[in-house]
Amino acid sequence: MYKTQAEAQEFLKGFVMELEDTPEEREVVLCVPFTDLGVMSKSLHGSRVRLGAQNVHWEDSGAYTGEISPPMLVEIGVRFVVIGHSERRQYFGETNETVNLRLKAAQNHGLTPILCVGETKEQRDAGETESHIFSQLEEGLVGVDQNNLVIAYEPIWAIGTGDTCESEEANRVIGLIRGKLSNPNVTIQYGGSVKPDNIDEIMAQSEIDGALVGGASLQADSFSRIVNYR
50 MYKTQAEAQE FLKGFVMELE DTPEEREVVL CVPFTDLGVM SKSLHGSRVR LGAQNVHWED
110 SGAYTGEISP PMLVEIGVRF VVIGHSERRQ YFGETNETVN LRLKAAQNHG LTPILCVGET
170 KEQRDAGETE SHIFSQLEEG LVGVDQNNLV IAYEPIWAIG TGDTCESEEA NRVIGLIRGK
230 LSNPNVTIQY GGSVKPDNID EIMAQSEIDG ALVGGASLQA DSFSRIVNYR
């Protein structure tokens with residue numbers, strides 16, 4: 050929940066300039082608050098940066114005050130949507146069942162969902178990392194098309210804490226996630242205190258295809274350094 054429309058446009062001015070030498074095959078997606086989507090869609094038109102939302106409801110319309118439907122996102126040029134982020138699960142009652150409904154609804158309207166999975170500190174300490182993530186995948190992916198999907202592994206204990214999951218451990222868990230998929234070519238990202246000073250090491254790992262970036266995406270210079278990892 051960052052950036053007014055004016056702040057988002059100001060960010061974009063500095064950010065887009067830093068992408069001139071970014072390799073063509075590198076996908077860049079900004080997932081912004083709902084109020085920023087309209088103005089960002091216009092500002093990004095014709096650029097290489099894709100637009101994403103941070104959540105979506107599973108119905109096309111209805112008595113769901115405060116929610117946003119897939120057609121509302123599609124109409125303004127949104128291509129991606131984050132689903133099941135740990136903060137949605139922690140603070141707003143998101144479950145594997147509602148995640149599954151949102152994933153299918155997004156895909157039915159041509160949106161590419163970014164499914165977030167990951168464990169808490171308590172679950173990791175109890176040795177439940179794998180079983181917890183596997184259940185998130187098993188219940189979340191029922192009836193979901195894995196040819197139009199991105200998965201983000203975000204160990205909750207490493208989000209915003211500065212306590213980054215070791216890149217080798219992130220790579221191990223992402224490899225396990227990949228082994229549970231019917232499509233091994235699904236893009237799998239790592240998220241959790243991704244910063245300019247650790248992105249090169251993270252992206253050097255064999256199983257990690259990208260990064261889901263939180264706090265470090267709020268400044269144009271730090272996020273562009275992450276996008277332009279070496």
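To convert a position in the sequence shown, counted from 1, into the numbering used here, add 49. Backbone N, C-alpha and C define an ideal beta-carbon position, used for all residues, glycine too.
Helix, strand or coil at residue 139 [DSSP, three-state]: Assigned with DSSP and collapsed to three states, residue 139 falls in helix.
Three-state class that DSSP yields for residue 195 in the structure shown: coil
Nearest residue (CA-CA) to residue 207, options 65, 243, 197, 230: 243
Cβ-Cβ distance between residue 193 and residue 160 below 8 Å: no
Minimum C-alpha distance to residue 83 - residue among 65, 64, 63, 123: Considering only alpha carbons, the answer is 123.
Residue 94 burial status per 10 Å Cβ neighbour count (16 or more: buried): exposed
DSSP three-state assignment for residue 262, whether helix, strand or coil: Here residue 262 sits in coil by DSSP.
Distance CB(residue 141)-CB(residue 163) smaller than 8 Å: no
Sub-8 Å separation of residue 101 and residue 79 beta-carbons: With respect to residue 79, residue 101 sits close: the two C-beta atoms are nearer than 8 Å.
Stretch pair the segment 258 to 265 + the segment 229 to 238: three plus CB contacts closer than 8 Å: The segment 229 to 238 and the segment 258 to 265 touch, with three or more beta-carbon pairs separated by less than 8 Å.
CB contact flag (residue 89, residue 81, <8 Å): Contact flag set, yes.
Pairwise C-alpha distance: residue 247 and residue 74: 21 Å
Buried versus exposed call for residue 234 [16 or more other C-beta atoms within 10 Å across all chains shown]: exposed
CB of residue 146 within 8 Å of CB of residue 137, strictly: Result no, Cβ atoms of residue 146 and residue 137 do not sit closer than 8 Å.
Three-state secondary structure assigned by DSSP to residue 178: helix
Residue 200 - partner residues in DSSP beta bridges: 164, 237
Nonlocal neighbours in the same chain, by C-beta distance under 7 Å from residue 225, ignoring five residues either side: 179
Residue range of the alpha helix (DSSP H) that includes residue 221: 216 to 228
C-beta contact flag for residue 182 and residue 203 at 8 Å: Result no, Cβ atoms of residue 182 and residue 203 do not sit closer than 8 Å.
Beta-ladder partner(s) of residue 99, from DSSP: 78
Residue 254 versus 99, 57, 214, residue with shortest Cα-Cα distance: 214
Nearest to residue 56 (by Cα), restricted to the options 116, 85, 72, 70: Comparing Cα-Cα distances from residue 56 to each of 116, 85, 72, 70, the minimum goes to 85.
Proximity below 8 Å, CB of residue 166 to CB of residue 185: yes
Start-to-end residues for the beta strand (DSSP E) that takes in residue 132: 129 to 132
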